[in-house]
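The sequence shown finishes on residue 1835 if you use the working numbering, and the numbering steps up by one all the way, no holes. Note that the Cβ used here is the ideal one computed from N, Cα and C, for glycine as well. Working notes, structure below.
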Amino acid sequence: MNTHILQRNMGQSSRKLPSTDAGENGSANLLPTTPTSPTTPTTPGLSDHLQPTEDQPQVYRTRWLMLALFSIYSFSSAFQWIHLNIIANVILRFYNESLPEDVFQRETAIDWLSMLYMLAYIVLVIPATWVLDKKGLRICHILGSLLNAIGAWIKCASVSGDRFAVLMFAQTMCACAQMWVIGIPARLAAVWFGPNEVSTATSIGVFGNQVGVAAGFLLPPEIVPNSDNLDDVARNLSIMFYGTAAFTTLLFIIIVIVLKDAPPKPPSRAQMLAVEASKNEDYLSSLARLLKNPGFIMLTISYGINTGSYYAISTLLNAVVLYYFEGQEQNAGRIGLTIVLAGVLGSVVAGIWLDKTKTFKGTSLAIYILSMVGMVVFTFTMNLSHIWIVFLTAGSLGFFMTGYLPVGFEFAAEITFPEGEGTSSGLLNASAQFFGIIFTIGMRAMMNRFGVLAGNCTLAVALLVGSIMTAFIKADYRRQKAGQEYFAKLDNIEIEVRENNEEGDIELAQDM
């Protein structure tokens, strides 16, 4: 790759893919022009070929509002995913009379409050991504936020020791709602944001989800502290459930009123091509092409291992921390918060880094290896009896493991272009949910039989396997190539116009 193309890809050249910050009705010169000096006359005819046309890309200020709405909606969904499992010991005591007698089955039943999200995604990912690709973002946001609110209200009716089944049904509704959360960031970024903002926008979309997980770790132990008085537990659960229901209902109303499906014009040349291709796209054919892409298959498995490990750790964090630090329910939530906040920082840093360097494979591999190292360090420092060390190691684990999320989305979008981002993201997340269930059940069984150390070591080995797989993925950056071909065509236009004008100047001089 020559220096000119390299600079262009890294966002350092003056000739980037078209991107403006026009208002809803604004316009801008989206195509690059040849610079001229005050003493040099402008080349006649060149501007005629490079004037903006109606089919040129454009970005809109409202893209940030759309991203913010999605992020808040994602926040509410993620909160409901983990807000019960971080107080698993309290939930176990409160719903004791409606749980199985066997210890492993009882604990696994509580684990399923989290794993329901993973199972629902595996079952519903194909129809959900079809709705996303064919009906657009708006209908997905409305359906998801509605189900999220309904599930939250049903939880309000589950506050009784004999109603664990009602709680499970409510969590199932919420699990179905998150079908239109996890796979949305890459699609929303591509639909609304310019080429040099896509990775950052994806990271912010993931950011909203992670903040929701952070709140799900931090708030429940504070709102519903462990208490011997089950009436106090019931009252505190009601406060948490009714507060969540009110918030999700208000959010649903705002989404119905404000959220838009797509901007009037696509924000990038690559997205214009993708929109054009989607008009005649057959969803099943697109799915088949993805499944025939070796690089994407390896990425799907490796992404599932990494993110599935994160899901397992999050689900079982209460049990893992209490195994080493008895009675530290609130610190278990704070450790979860530390993991997520460090991960938010990692996601943002990774997104900015990708926008500037476009090194998708190299970044993926580096973060993956560091996630594995973080898991090893976290595992072998738990038994040092110093909880502040756990905070530090958990933070490093979260920075790299959660920072991998937007990188995986964007890497997939690059190597599968022009297939829909919703389809590729959906398959990535289906893999993550599958491995999340396997790792959670397996880790719970190993913890009960061999201890927490054995379970954590298993995840570390799995991350090593994922790192090796990532190293073998081919760096086939198709989305970048589409942008380069666009600029190459412009170069040819400029050269042709200059040559024509030079011939005209010679003929004019001869006539004189």
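Report yes if the CB atom of residue i is closer than 9 Å to the CB atom of residue j, and no otherwise.
| i | j | result |
| --- | --- | --- |
| A1493 | A1480 | yes |
| F1516 | L1390 | yes |
| I1712 | M1438 | no |
| F1402 | L1542 | yes |
| T1793 | K1615 | no |
| L1782 | A1635 | yes |
| G1528 | S1397 | yes |
| I1507 | L1573 | no |
| G1765 | G1778 | yes |
| R1386 | A1509 | no |
| I1796 | G1618 | yes |
| Q1651 | I1710 | yes |
| L1776 | N1706 | yes |
| T1746 | D1551 | no |
| A1513 | A1736 | yes |
| G1789 | I1628 | yes |
| Y1383 | P1518 | no |
According to DSSP, is residue i helix, strand or coil?
| i | result |
| --- | --- |
| G1418 | The amino acid at residue 1418 is misidentified as Gly; the sequence shows Tyr. Y1418: coil per DSSP, three-state reduction. |
| K1679 | helix |
| E1733 | helix |
| H1372 | Reliability fails at H1372, whose pLDDT of 42 lies under 50, so the model's placement of it is uncertain and the value that follows must be treated cautiously. DSSP places H1372 in helix when its eight states are reduced to three. |
| V1504 | coil |
| V1489 | helix |
| E1424 | coil |
| L1469 | helix |
| H1406 | coil |
| E1851 | The structure shown has nothing for residue 1851, since the chain only spans 1324 to 1835. |
| F1516 | coil |
| H1464 | helix |
| P1548 | coil |
| S1708 | coil |
| E1649 | coil |
| A1798 | coil |
| N1654 | helix |
| Q1335 | Any reading at Q1335 must be qualified, since the residue scores a pLDDT of 34, below 50, and its modelled position is unreliable; no value is offered. |
| N1559 | helix |
| A1585 | coil |
Quick one: what's got a C-beta closer than 6 Å to residue i's C-beta in the same chain, skipping five residues either side?
| i | result |
| --- | --- |
| N1641 | I1409, A1411 and A1655 |
| S1708 | none |
| S1522 | G1674, L1677, D1678 and E1733 |
| L1470 | M1496, C1499 and A1500 |
| I1449 | none |
| H1327 | In this prediction, H1327 has a pLDDT of 33, which is less than 50 and means its spatial position is unreliable; what the coordinates show is noted afterwards. Within the same chain, H1327 has no close Cβ partners at all. |
| K1478 | A1493 and F1564 |
| Y1440 | W1404, A1498 and Q1501 |
Do you know whose CA, among the options, lies nearest residue i's CA?
| i | options | result |
| --- | --- | --- |
| L1442 | C1780, P1450, A1498 and T1680 | A1498 |
| I1577 | E1430, S1468 and Y1565 | S1468 |
| W1435 | A1783, F1762 and G1749 | F1762 |
| R1856 | W1711, Y1646 and S1670 | With the chain running from 1324 to 1835 in the structure shown, residue 1856 is simply not present. |
| W1453 | M1621, L1610 and G1765 | L1610 |
| V1672 | V1696, P1729 and K1458 | P1729 |
| V1696 | T1680, F1722 and K1681 | F1722 |
| T1623 | V1784, I1738, I1764 and R1386 | I1738 |
| D1799 | T1567, P1741 and S1748 | P1741 |
| D1485 | L1422, I1462 and S1526 | L1422 |
| I1690 | G1731, P1587, T1704 and D1555 | G1731 |
| G1631 | S1561, L1751 and L1388 | L1751 |
| H1464 | G1659, S1790, L1511 and V1644 | L1511 |
| S1625 | K1458, A1785, I1395 and S1394 | A1785 |
In chain order, what residues of the same chain have a beta carbon less than 7 Å from the beta carbon of residue i, not counting five sequence neighbours either side?
| i | result |
| --- | --- |
| I1414 | L1407 and I1433 |
| I1445 | A1753, Q1756 and F1757 |
| G1666 | Q1533, G1721, F1722, M1724, T1725 and G1726 |
| S1399 | N1471, G1535, F1570, T1571 and L1574 |
| T1661 | F1714, A1717, G1718 and G1721 |
| T1686 | A1673, W1676, L1677 and V1730 |
| A1537 | L1660, V1663 and L1664 |
| S1360 | Below a pLDDT of 50, predicted positions are generally treated as unreliable, and S1360, at 37, falls in that range; no measurement from the model is reported. |
If I measure Cβ to Cβ from residue i and keep anything under 8 Å in the same chain, skipping five residues before and after, which residues do I get?
| i | result |
| --- | --- |
| F1427 | R1767, A1768 and N1771 |
| M1563 | H1406, L1542, P1543, I1546 and V1547 |
| F1701 | V1713, T1716, A1717, S1719, L1720 and N1779 |
| T1567 | S1399, F1402, Q1403, H1406, A1475 and K1478 |
| I1620 | L1614 |
| L1417 | In the sequence under discussion, the amino acid at residue 1417 is Phe, which differs from the Leu named in the question. Around F1417: G1484, L1553, V1556, A1557 and L1560. |
| N1348 | For N1348, the pLDDT reaches just 37, beneath the cut-off of 50, and the residue's location in the model is therefore unreliable, although a value from the coordinates is still provided. For N1348, where only same-chain residues beyond five positions count, there are no Cβ hits under 8 Å. |
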